[in-house]
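Chains as they are written, first to last, in the working numbering: chain F, 111 to 413; chain Y, 105 to 422; chain C, 32 to 459. For each residue, glycine too, the CB sits at the ideal point set by N, CA and C. Read the structure below first, then the notes.
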Amino acid sequence: MDQRLEGVAVAHAVNVLLSGLFHASVLFLVAAGLQVVFGVQKIFNLACGSFYALGAYVGVSAVGWYVGAGGPPALFIVPLALAGLAVGAVGVVVERGLLRFVYDRDETFQLLMTFAIVLMMEDAIRLTWGTAPRSTGGLYLAYGQVRLFGATVPVYNLVVIAASLAIALAIGWLLARTAFGRIIRATADNREMAEALGVDMRRVYAKVFTLGTALGTLGGALVIPATAAMSEMGIELIVEAFAVVVIGGLGSMRGAFVGALVVGILRAIAISVYPELEMLLIYLIVIAVLVARPRGLFGGAAA
Amino acid sequence: MKTALAVGLGVAAIAAAPLVASTYHVLLMLPFMAYAIVLLGLNLLFGYTGLVSFGHALFIGLGAYAGAFLTTHAKIRSLEVILLVAAALGALVAVPVAALCVRYVKIYFGMLTLAFGMLFYTFVLKFYRLTGGDEGTPFLRPALLGRSLDAMPKIDYLVGPYYYYSLGVLALAALVMWRIVHSPFGLCLKTIRDNPVKAETLGISVTRHRFYAFVISAIYAAVGGALLGPPTGNVDPTLAYWTHSGNIVFMTLLGGFTSFFGPVVGAFVFIYLQNWVMSVVPYWRLIFGAMLAVIVIAAPDGLVGLVTRRRPALTGRA
Amino acid sequence: MTRIHDTTSRRQFMKVLGAGAGVAAATLLDVRASHAQSTGPVKVGVLVIRAGVAAPVGAAGLRGTEWWAERVNKAGGILGRPVQLVVEEESNPKDTVERYRKLVLQDKVDVVVGGISTGVTLALGPVAEDLGTPWLSWDGTTQKGVEETMPNPKWAFKSVDNEVEAIVAGILTPKYFKGIKTVAGIGNDYSYGHDCWESYQAVLKRYIPDVKFVLELFPKLGVTDFTSHIAAIQQSKADLLMCSFWSGDATIIMKQAAAVGLFKTMKGVFTTAGGVHDSLKKDFTPEGLLLGYNTMYFDDPKASPLLKQFVREYKAKYNEYPPYECDHAFFNAESYKVAVEKAAGPAKKWPEKAQVVRALEGLEIESLSGRRSWREDHVQMCNFYQGITTHKNGYDFVTIDPIEMVSTKQAMKPAGSKLFEWINGWKV
C-alpha cells in the first residue's frame, strides 16, 4: 500500500476509534448513575435517561446565562459542569419524595415507580424548556481541533472522553478508598449484614441515589455542547444505557465502563462497515449476553 | 351463581352501550376490549405467576401486524382466520422467547422482555420494504363470520358488528382464562409465585409452568393486538415500543393485579381517563406519572383493591 | 408479591356496576355542543404534535394557526362567526385516530387541520373520508399515501408531496456545484429520509448521468451523536453530502461536521434544515451550502407585508424566527376561511361541508409566503425556497443568498402520474 493510502487508512481508523470512544463516553455517563443505584439499591432506574436529559437542558441554560452575563467563552465549561452537578440535587427530592416509599416493595413496583418518574420528568422538562431543540451554539468549537495521525479531532470531544475517564477513576477511588465507598460496597454485597453492623440505610440510600442522579445530570451537561437537547431524549437514551449495563453487568461500574466501550466502538465500526446493522447488532448482543451470561461481564449473581 | 350474575350484568352493560352512549364513547370501548384481552393474559403472568414483562407490546404488535399482512398482502379478510393466525404466531414467537426468559425472574426477566420487545420494534421499523417501516401496513376491514361488511360506513361497522364481535371474543377469552386460573395449573402458578422453592419440592416444575403461562399470555396479547388494528385501519411500529409495554403494566396495576377482573377495570379507567385528561391538559403525562406513583405507593392493589377495602399489602423483601 | 384473593360475588357486582356507571358518567360528563350549527363559534380542530423530535414542528404549526385565528377574530370572524380552536395531540397513529374521531364526533368541529407525521397522516386519510368532515393536513404526504391508500380523496386535503424539496435540491445541485462525481447521503431512517434520498438520486442522475452514490447512512430519528457517521462520510471522500435532517439533528450534524472541517473539502446540500434555521449559527455553519427552507423563507426580500408582519410578531412573542410549518398551518386555515366565504355566496349562508370542499378545489389564495393553492386532486401547490448559505446578514445564524424559488408546478409530480416515471421522463 502506498504511503498516502496508508495514511488515509490510519486517519480513518483513528476517526472510527475516537468517535467510538466519544460515544462510549456519552454512554458511560448515562449508565454510571444507573449502575451506582442498582448496585446498592437493586433498583433499575428507568429515569436515568431523564436525569441525563435534565442535565443537558440545565447545561444549555447555564451556559446561555453565563455567556449573556459576559463570561469569557473559553471558560464556559466551568458553569456547565457546576450546573450539571448542582442539579443533581433533584435526586434528593426524588428519592425522599417518591422512591423511599417503595423500598420495601417488590422490585416490580420500584421499576414502575421509576417509570412514573420518567413520565413526570418528560412533561416537567417540556414545561420548563419547551419542545424546541436547545443547543449551546458554537461553543463546541471554542477549544479548536487537533490533528492525530492525519485525523482532525475536535478538542471538546477529547475533553468529554477525558472527563468520562476522570469520573470513572473518581468513582473507582470513591469505592475503593473512602469510608462511603466501603459502605456502598458492603451494602451492595450484603445489605442485611451492613444494616446489622449499624449502617443507616436511609442515609446511604439517599446519598447513593443522589450520587447516581448527579452522575447523570453531570454527564448530560458535559456532552450537550457537542450535541443538542431534544424532546424525549431521555426515553431514547435509556434504551442504549440498558444495552450497556446488560453487557457490562448490572451494578458494576467496571461493567459500565467496559460495556460502554463495547457498544460505542462496535457501533462506530458498524456505521463505517455495515450501517444497516447498527442498532440491531446491539440488541442481538444484549440478548446473546442475557442468554449466555446473564450477569454480563462483571455483574453479580443473576436473579 | 352470584358471580355469574354479576358478570352477566357487566356484559349486559357493555352490550347496551352502543344503544345509549355517544358514538365516540362507544368507539373508545373498542380499544378497551382489545386491551382487556391483552391484560387478562398479562395478568396470568403478572398477578398469578409473579413475573412482570416489560416487553409484551411485542406480542400486541405481532398480532396487529399478522392481521395487517393477512388483509393487505394475503387478501385474507376473515377475522376468525386473523385471530387464529395471530394466536398461533404469538405462541410460535413466545416459545423461544419464553424458553429464554423464564429461567430468570424479577429484574432480569423484565429486562430480557424489554430487549425482545425493542428488537421487534427495531426490526419492524428498519425493514420498511417488508413492513412499511414508520408508515406501517394497512389493516383492512375484516369480514365477520364469513360476511364481508365492506359496504357499510366504517363507523357503523365499528360500533355495530365489530363491537359485538369484539365483545364476544372478550367474553370467550375471559371464560377461558377463568377456567385456566381456577384449574390445577392455575393453582400451581400461584404456588410458584408465592414460594418457588416449596413448589419445586412439591414436584412442580417452576420453569415449565412459567413457560406455559408466558406462552398463554403471549397468545392473549396477540389476539388483543389483532383486534386493535381495524379501528385504526393501520398498524405501525409504535405499537411495539417499550413505553407501550409500560402502559399496559400501568393499566394492570391501576385496576388491580390481585383480582381476576382488576386489569379489565384498569384498562377501562386508563382509556377513559386518558381520553378526558388529554383534552383538558397538554401535560397529561405529568398527571399520569403522578397517578402511577400514587398507586405504587398507596394503592398497589389498584382500584379493585381500594373498592374491596383491602389495605395495601406491604411485601417484605427478606 | 401479594396473594390473589378470590373475590366474592358482591364485590364483583359492585365493580361491574361501577364500570357501567362509569360509561354512563363519561358519556354525560363529556357532552359538548351537539347540534350542527350555523351560529355560534366555528370550531376548528387542530392536531398538534407535542412530544418527541417533531414537537417543534407541531408547535410552529399551532402558533401559525393561533396567529391566524386571532387575526380573523379581530376582523369579525368567518361570516361573522368567531373561530374557536379545539386542540388535540398528535402522537402515534392509533391514538391520533382516536383524537380525530373525538374532534369530529364529540366536539363536532367544522374542519380539522394538522397532521404532520407520515404514519399518522396515512392512518387518518381513510378515517377522514369515513367521517365526512374536511381535513387539511399540514405535512406528511408520501407517495404511498398518494398512490395506495388515498388515490381519490373527497374530504382529505393533502400537503405537498414529501420529497419535493429533495427534487428541488437535485435540480439546483448541478446549477451551483460543478464537477460533482460522487455523492454521499445521510437521512433519518424512516419514510421521509428514504424517499428524499431516492428522489434526490433519481433527479441528480438526470443531470449527471454517471454520478456515483458512494455512501448512504440512515441513523434513526432521535440520534444525537453523529461523530461516527461523519467519520464514515469523510472516509467515503464524496464530493458532496446530501442531508435531509429537519430537526435538532440538523444542528448537531452541522456542529459536529464543522468541528472536523468536513465542508472545507466537501459540498453540502441540506434539503430541509431550514426547519431549524435559526439554530444554524454562523459559528459552525459555513457559507456555500445549499440550504432548503421548505415552503417559507422568513427573510425573503420579496416578502409580502403579511409575511413581514408575521415574522415580526412571531419573533416578538416567541423570541424565535418562524419555520415553514407556520405557513402550512396558515394556508390550511386561511384557505378554509376563503372557501367558506366563497361557498356561502352573496347570500352569506353558512355552507354545507361538501360545498366547502368543492370550493377548496382549485382555490388559490395569498398565504404568508405568497400564492398557494389546492390542486383539483386535493394536493397543495406552493413554492419551495432554497439557496446558498451566507453570513452576510444581521443575525447570528445563516441565511440564504441567492434565493431560488421553485414552484410545485415544476418540482412536484402532476396528478395521476408515478413519481419515478415522471422524473425519468423529464427533458433535461
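Quick check: the region 338-349 of chain C against the region 311-320 of chain C, are at least 3 beta-carbon pairs closer than 8 angstroms? At 8 angstroms Cβ cutoff, the stretches do not touch.
Along the chain, which unbroken stretches of the alpha helix (DSSP H) at least 4 residues long are found entirely within the region 276-361 of chain Y? Entirely contained in the region 276-361 of chain Y, the alpha helix (DSSP H) runs reaching 4 residues are, in chain order, 288-298, 300-305, 310-336, 346-359.
Proximal chain C residues relative to GLU239 (chain Y), where beta-carbon distance stays under 7 angstroms: Neighbours of GLU239 (chain Y) in chain C, taken as residues at a C-beta separation under 7 angstroms, are given in chain order as THR149, GLY150, LEU153, THR173, LYS175, SER222.
Specify the secondary structure class of TRP166 (chain C) as computed by DSSP and reduced to three states. It is a strand residue.
Spatial neighbours of ALA288 (chain C) within its chain, please: C-beta separation below 7 angstroms, excluding the five flanking residues on both sides. Within the same chain, and ignoring the five residues on either side of ALA288 (chain C) in sequence, the residues whose Cβ sits closer than 7 angstroms to its Cβ are ILE261, PHE294.
Report the option in C:VAL88, C:TYR231, C:GLY71, C:ILE431 whose CA atom is closest to the CA atom of LYS112 (chain C). Reading off the sequence shown, one finds Arg at residue 112 (chain C), where the question assumed Lys. Among C:VAL88, C:TYR231, C:GLY71, C:ILE431, the Cα nearest to that of ARG112 (chain C) is on C:GLY71.
For the beta strand (DSSP E) that LYS74 (chain C) lies in, which residues bound it at each end? The continuous beta strand (DSSP E) containing LYS74 (chain C) extends over residues 73-80.
Just verifying my parser: in three-state terms, what is the DSSP assignment at LEU131 (chain F)? It is helical.
Given this structure, state the Cα-to-Cα distance separating LEU268 (chain F) from LEU321 (chain C), to the nearest angstrom. Cα-Cα distance, rounded: 31 angstroms.
From the DSSP output, read off the bridge partner residues of SER434 (chain C). Per the sequence shown, the amino acid found at residue 434 (chain C) is Ile instead of Ser. Paired residues: C:GLY418.
Looking at the structure shown, is LEU156 (chain F) part of a helix, part of a strand, or coil, going by DSSP? Note: LEU156 (chain F) maps to coil in three-state DSSP.
Spell out whether any CB of chain Y is found under 8 angstroms from the CB atom of TYR162 (chain F). False, the Cβ-Cβ gap to chain Y never drops below 8 angstroms.
Is any beta-carbon of chain F found at less than 8 angstroms from that of GLU351 (chain C)? Yes, contact with chain F.
Can the beta-carbon of SER122 (chain C) be found less than 8 angstroms from the beta-carbon of HIS359 (chain C)? Contact flag unset, no.
What does the alpha-carbon distance come out to for the pair ALA442 (chain C) and ALA197 (chain C)? Straight-line Cα distance between these residues: approximately 9 angstroms.
Using the C-alpha atoms, what's the distance from ASN424 (chain C) back to THR77 (chain Y)? This structure gives no information on residue 77 (chain Y), because the portion of chain Y shown stretches from 105 to 422.
Closer than 6 angstroms by C-beta to ALA380 (chain F): which residues in its own chain qualify, once you throw out the five before and the five after it? Chain order, please. The beta carbon of ALA380 (chain F) sits closer than 6 angstroms to those of LEU387, GLU388, LEU391, all from its chain and outside the five residues before and after it, given in chain order.
Indicate the three-state DSSP secondary structure (helix, strand or coil) for MET343 (chain F) in the structure shown. The three-state reading of DSSP puts MET343 (chain F) in helix, counting H, G and I together.
In three-state terms, what does DSSP make of PHE249 (chain C)? Note: PHE249 (chain C) maps to coil in three-state DSSP.
Against chain Y, which members of the region 212-223 of chain F pass a CB distance test of less than 7 angstroms? From the region 212-223 of chain F, only VAL212, ASP214, ARG215, ASP216, GLU217, THR218, PHE219, LEU221, LEU222, MET223 have a Cβ closer than 7 angstroms to chain Y.
For VAL307 (chain C) and THR282 (chain C), believed in contact at Cβ under 8 angstroms, the rounded distance: About 5 angstroms; that satisfies the 8 angstroms criterion.
How is the alpha helix (DSSP H) around MET311 (chain F) delimited, first residue to last? Residues 311-333.
Given a threshold of 16 other Cβ atoms within 10 Å of its Cβ, counted over all protein chains shown, does THR224 (chain F) qualify as buried or as exposed? The C-beta of THR224 (chain F) has 16 or more other C-beta atoms within 10 Å across all chains shown, which makes the residue buried.
May I ask which residues mark the beginning and end of the beta strand (DSSP E) holding GLU120 (chain C)? In the DSSP annotation of this structure, the continuous segment of the beta strand (DSSP E) that includes GLU120 (chain C) starts and ends at 114-121.
Name the chain F residues that come within less than 8 angstroms of VAL84 (chain C), Cβ to Cβ? Near VAL84 (chain C) (Cβ distances below 8 angstroms), the residues of chain F are MET340, SER341, GLU342.
CB of GLY393 (chain Y) within 8 angstroms of CB of ILE153 (chain F), strictly: The Cβ atoms of GLY393 (chain Y) and ILE153 (chain F) lie no closer than 8 angstroms to each other.
Which residue or residues does DSSP assign as beta-bridge partners of GLU196 (chain C)? According to DSSP, which records beta bridges pairwise, GLU196 (chain C) is partnered with nothing at all.
Less than 8 angstroms between the C-beta atoms of PHE259 (chain F) and VAL120 (chain F), yes or no? The Cβ atoms of PHE259 (chain F) and VAL120 (chain F) lie closer than 8 angstroms to each other.
Since I believe ILE320 (chain Y) is in contact with ILE375 (chain Y) (beta carbons under 8 angstroms), could you give me their beta-carbon distance rounded to a whole number of angstroms? The pair is not a contact, with the Cβ atoms about 24 angstroms apart (cut-off 8 angstroms).
Assumed close pair PHE158 (chain Y), SER287 (chain Y) - CB separation to whole angstroms, cut-off 8 angstroms: Not quite, the Cβ-Cβ distance comes to about 27 angstroms (not below 8 angstroms), so this is no contact.
If the cut is a Cβ gap below 8 angstroms, which residues of chain F does TYR387 (chain Y) touch? Ordered by position in chain F, the residues that pass the 8 angstroms Cβ test against TYR387 (chain Y) are ASP233, ARG236, LEU237.
Tell me, please, which residues DSSP counts as bridged to ARG402 (chain C). As computed with DSSP, ARG402 (chain C) is found in a beta bridge with C:GLU397.
Cross-strand partners of SER182 (chain Y) (DSSP beta bridge): DSSP, once it has assigned bridges, lists Y:ALA247 as partnering SER182 (chain Y).
DSSP three-state call for LYS440 (chain C): helix, strand or coil? LYS440 (chain C): helix per DSSP, three-state reduction.
What residue ranges within the region 276-350 of chain C form continuous alpha helix (DSSP H) runs of no fewer than 4 residues, ordered along the chain? For the region 276-350 of chain C, whole alpha helix (DSSP H) runs of length 4 or above, ordered along the chain, are 279-290, 293-296, 336-349.
Going straight from the alpha carbon of VAL429 (chain C) to that of ASP309 (chain C), what length do you get? Between VAL429 (chain C) and ASP309 (chain C), the C-alpha separation is close to 8 angstroms.
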